[in-house]
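S.K.: Just passing along the structure, written as structure tokens.
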Amino acid sequence: MQPLIAIGASAGGMEALSTIFAALPADFPAAILVVTHVGARKSLLPALLAKTSALPVRHAQDREPIRPGRILLAPPDLHMLVSITAGQPMVELTRGPRENHTRPAIDPLFRSAAAALGPQVVGVILSGYLDDGTAGLQAIKACGGMALVQEPEDAVAPSMPDSALRNVAVDRRLPAAGIAPALLALVKDMAASVADRTEAPAWIAVENRFAR
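Taking full-length UniProt numbering, the leading residue of the sequence shown gets 1, the next gets one more, and so forth.
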């Protein structure tokens, strides 16, 4: 299965996302799913990010296949989850309960991706307030995936990166400008290796049921 990059961002995340996407090539060999705290209001983020990205950027659609080489963003007021249907990773959009006071939230994406794809997932936490994404990164690590965090001093809002660093065994902490090169190297390594799947702990399955 192809690697999946799951990214969570909030306040100040637009700048970091633009920096990362501008540095990724058009043939980037992994899918990228992104949650930002857009709430229920109309979002122009895909159009804005597409201006700097060689990869196509748009809002995700329910039940669409997750394929390499494109960036899908969670639509307003919907959690974006990952599920497996007939061996194919799929997007699942739900109006499950708000988490960390928001919908879409980062933790549901990270947890569901961890349960579905295990060691093929790289979770990335960018600028933002409070601690959304910390529990999700814990799930990714528990299922054998990798965790990257934007250096708090490089973030407009350092709370989310700082929470992740304090509570998760993060693999790398980097300024936004260093994240795209790190993702390219990680995806290459993941494609060349076969990691053993780790059964998702029961707490992840329970939380995923709530989000659905």
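A virtual CB, placed ideally from N, CA and C, is assigned to each residue, including glycine.
(1) Got a sec? Which residues, its chain only, sit under 6 Å from residue 136 by beta carbon, not counting five neighbours each side?
(2) Are residue 160 and residue 204 touching if we call contact CB-CB under 8 Å?
(3) State buried or exposed for residue 20, treating a residue as buried only when at least 16 other CB atoms are found within 10 Å of its CB.
(4) Using a Cβ-Cβ cut-off of 6 Å (strictly less than) and excluding sequence neighbours within five positions of residue 50, which residues of its own chain qualify?
(5) Which partner residues does residue 83 have in the DSSP bridge list?
(6) In the DSSP output, what is residue 172 paired with across the bridge?
(7) Between which two residues does the beta strand (DSSP E) harbouring residue 111 extend?
(8) On a CA-only basis, which of 164, 68, 98 is nearest residue 89? Give me that one, please.
(9) If you follow the alpha helix (DSSP H) that residue 136 is part of, which residue opens it and which one closes it?
(10) Assign residue 175 to one of two classes, buried (16 or more other C-beta atoms within 10 Å of its C-beta) or exposed (fewer than that).
(11) Does the beta-carbon distance from residue 3 to residue 187 come in below 8 Å?
(12) Could you give the DSSP three-state label for residue 31: helix, strand or coil?
(13) Buried or exposed: where does residue 206 fall if 16 or more other Cβ atoms within 10 Å of its Cβ makes it buried?
(14) DSSP three-state call for residue 73: helix, strand or coil?
M.R.: Reading off the structure:
(1) Position 136 of the sequence shown, counted from the first residue, corresponds to residue 136. Within the same chain, and ignoring the five residues on either side of residue 136 in sequence, the residues whose Cβ sits closer than 6 Å to its Cβ are 106, 107, 110, 111.
(2) Position 160 of the sequence shown, counting from 1, holds the residue named residue 160. Position 204 of the sequence shown, counting from 1, holds the residue named residue 204. No, the Cβ-Cβ distance between residue 160 and residue 204 is not below 8 Å.
(3) For this step, residue 20 is matched to residue 20 along the sequence shown. Counting of Cβ neighbours within 10 angstroms places residue 20 among the buried residues, the total reaching 16 or more.
(4) On the sequence shown, position 50 is the one that residue 50 refers to. Cβ contact annotation for residue 50 (same chain, cutoff 6 Å, sequence separation greater than five): 57, in chain order.
(5) The count along the sequence shown starts at 1 and reaches residue 83 at position 83. Residue pairing from DSSP places residue 83 in a beta bridge opposite 90.
(6) Position 172 of the sequence shown, counted from the start, is the residue given in the question as residue 172. According to DSSP, residue 172 shares a beta bridge with 148.
(7) The residue given as residue 111 occupies position 111 in the sequence shown. Residue 111 -> not in any beta strand (DSSP E); alpha helix (DSSP H) instead, spanning 106-117.
(8) For the purposes of this step, residue 89 is taken as residue 89 along the sequence shown, with counting starting at 1. Selected option, being the one with the closest Cα: 68.
(9) Stepping through the sequence shown from its first residue, residue 136 is reached at position 136. It spans 134-142 - the alpha helix (DSSP H) in which residue 136 sits, taken as one unbroken run.
(10) Numbered from its first residue, the sequence shown carries residue 175 at position 175. Residue environment: residue 175 is assigned as exposed (fewer than 16 neighbouring CB atoms within 10 Å of its CB, all protein chains considered).
(11) The sequence position of residue 3 within the sequence shown is 3, counting from 1. The sequence position of residue 187 within the sequence shown is 187, counting from 1. A contact, by the Cβ cut-off of 8 Å.
(12) Within the sequence shown, the letter at position 31 stands for residue 31. Three-state result, residue 31: strand.
(13) For the purposes of this step, residue 206 is taken as residue 206 along the sequence shown, with counting starting at 1. With a 10 Å radius around the Cβ and a threshold of 16 neighbouring Cβ atoms, residue 206 comes out exposed.
(14) By one-based count along the sequence shown, residue 73 stands at place 73. If DSSP states are grouped into helix, strand and coil, residue 73 belongs with the strands.
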